[in-house]
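Okay, structure first, notes after.
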Amino acid sequence: MQVIATRPNTLTDLNFTYCPGCLHGVAHRLIAEAIDELGMRNQMMGVAPVGCSVFAYKFFNIDMQEAAHGRAPALATGMKRARPDMNVFTYQGDGDLAAIGTAEIVHAANRGEHITVFFVNNAIYGMTGGQMAPTTLPDMKTTTSPYGRDVDDIGYPIRVCELLNTLVAPYFIERVSLLSPAEIMKAKKAVLKALTYNKEERGFTFIEFVSTCPTNWGLDALESRDWAREHMLPFFKVQNFRDKGIEEAK
Ligand SMILES: Cc1ncc(C[n+]2csc(CCOP(=O)(O)OP(=O)(O)O)c2C)c(N)n1
165 MQVIATRPNT LTDLNFTYCP GCLHGVAHRL IAEAIDELGM RNQMMGVAPV GCSVFAYKFF
225 NIDMQEAAHG RAPALATGMK RARPDMNVFT YQGDGDLAAI GTAEIVHAAN RGEHITVFFV
285 NNAIYGMTGG QMAPTTLPDM KTTTSPYGRD VDDIGYPIRV CELLNTLVAP YFIERVSLLS
345 PAEIMKAKKA VLKALTYNKE ERGFTFIEFV STCPTNWGLD ALESRDWARE HMLPFFKVQN
405 FRDKGIEEAK
């Protein structure tokens, strides 16, 4: 049987430039499919980060802005407030969102901005050559922690969903995995839900994708998925943390 994968309208014709086995392309596709399925394409604007996914502004076939490193939630805040008739999302890596951009994400979430944030956690700075990120696991080797992350010296990884879940305002917070087709299908449901709430102007919605970085982890595509399953999922548990839509429906 010949399977022809049609490209969602919300993706441009450009081929992704990501490394083999990188899951940014999967995350892009899930978001683009969801935007198409919800009929949001003409109402949607996105904000690209600094990081491997900097070219998200070329890959999404909608109006995109490029933010300074870590500032995507602040830029998205301005976009949404200036154009309340439009829907806005950001797309950010863990270096962008959880290191240089910590203040922006915490305060945008705390203000309950009506935006969706897609956070791709691959436990490392991919674009710049594999430095330690706030989400790097204990004892994980990176170019700036060559003997492994020493938690006594550097501290423990930050669990962003759990951190944001302490705030009152966020409407929806979920961590999903991109490590297998079944998990990708579940992730799609969460993306659809977050974007539905975005469309309905319910409040701040946040999705974390547990992802991989085969190149900087020094593994091939399949090994990197196994590594993430064994090491990342126990620390970054896949779960829904907050769904005010369910609470409100009761
Ligand atoms: C102000 C500033 N500081 C540092 C950098 C260097 N820099 C570029 S991307 C990046 C981190 C990217 O890592 P992440 O957000 O995890 O995304 P990934 O590349 O892994 O997808 C850093 C530190 C920069 N471009 N600008």
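Just so we're aligned: the sequence shown equals residues 165 to 414 in our numbering.
Backbone N, C-alpha and C define an ideal beta-carbon position, used for all residues, glycine too.
Exposure label - residue i; buried when at least 16 CB within 10 Å
{"i": "Gln403", "result": "exposed"}
{"i": "Lys244", "result": "buried"}
{"i": "Val374", "result": "buried"}
{"i": "Arg247", "result": "exposed"}
{"i": "Gly210", "result": "buried"}
{"i": "Asp249", "result": "exposed"}
{"i": "Leu171", "result": "Note that residue 171 is Arg in the sequence shown here, rather than Leu. Exposed, since its Cβ has fewer than 16 Cβ neighbours within 10 Å."}
{"i": "Leu239", "result": "buried"}
{"i": "Lys414", "result": "exposed"}
{"i": "Ser388", "result": "buried"}
{"i": "Asn206", "result": "exposed"}
Identified DSSP bridge partners for residue i
{"i": "Thr308", "result": "Its beta-bridge partners do not exist; DSSP assigns none."}
{"i": "Asp260", "result": "In DSSP, Asp260 forms no bridge with anything."}
{"i": "Asp407", "result": "Phe336"}
{"i": "Asn251", "result": "Met208"}
{"i": "Asn285", "result": "Val374"}
{"i": "Thr280", "result": "Phe253, Thr369"}
{"i": "Leu175", "result": "Phe224"}
Pair within 8 angstroms by beta-carbon distance, residue i and residue j
{"i": "Tyr335", "j": "Arg366", "result": "yes"}
{"i": "Lys352", "j": "Ala198", "result": "yes"}
{"i": "Asn251", "j": "Met204", "result": "yes"}
{"i": "Met396", "j": "Leu301", "result": "yes"}
{"i": "Cys377", "j": "Ile318", "result": "no"}
{"i": "Leu194", "j": "Lys222", "result": "no"}
{"i": "Pro310", "j": "Glu268", "result": "no"}
{"i": "Ile371", "j": "Val355", "result": "yes"}
{"i": "Ala273", "j": "Leu331", "result": "yes"}
Contact belief for residue i with residue j at Cβ below 8 angstroms, rounded distance in angstroms
{"i": "Cys216", "j": "Met291", "result": "5 angstroms"}
{"i": "Glu277", "j": "Thr308", "result": "At roughly 32 angstroms, the Cβ-Cβ gap does not stay under 8 angstroms, so Glu277 and Thr308 are not in contact."}
{"i": "Gly312", "j": "Asp303", "result": "4 angstroms"}
{"i": "Thr299", "j": "Asp258", "result": "4 angstroms"}
{"i": "Ile279", "j": "Gly234", "result": "In fact, because the Cβ distance is near 15 angstroms, the residues do not count as touching under 8 angstroms."}
{"i": "Arg275", "j": "Ala333", "result": "7 angstroms"}
{"i": "Tyr255", "j": "Pro213", "result": "6 angstroms"}
{"i": "His188", "j": "Val284", "result": "6 angstroms"}
{"i": "Ala385", "j": "Pro184", "result": "6 angstroms"}
Task: Completely contained beta strand (DSSP E) runs for the region 213-242, where each covers 3 or more residues - done: The qualifying runs are 227-230.
Open item on the list: What ranges does the alpha helix (DSSP H) occupy inside the region 318-381, keeping only unbroken runs of at least 4 residues that lie completely in it?
Closed with: The qualifying runs are 324-328, 345-363, 378-381.
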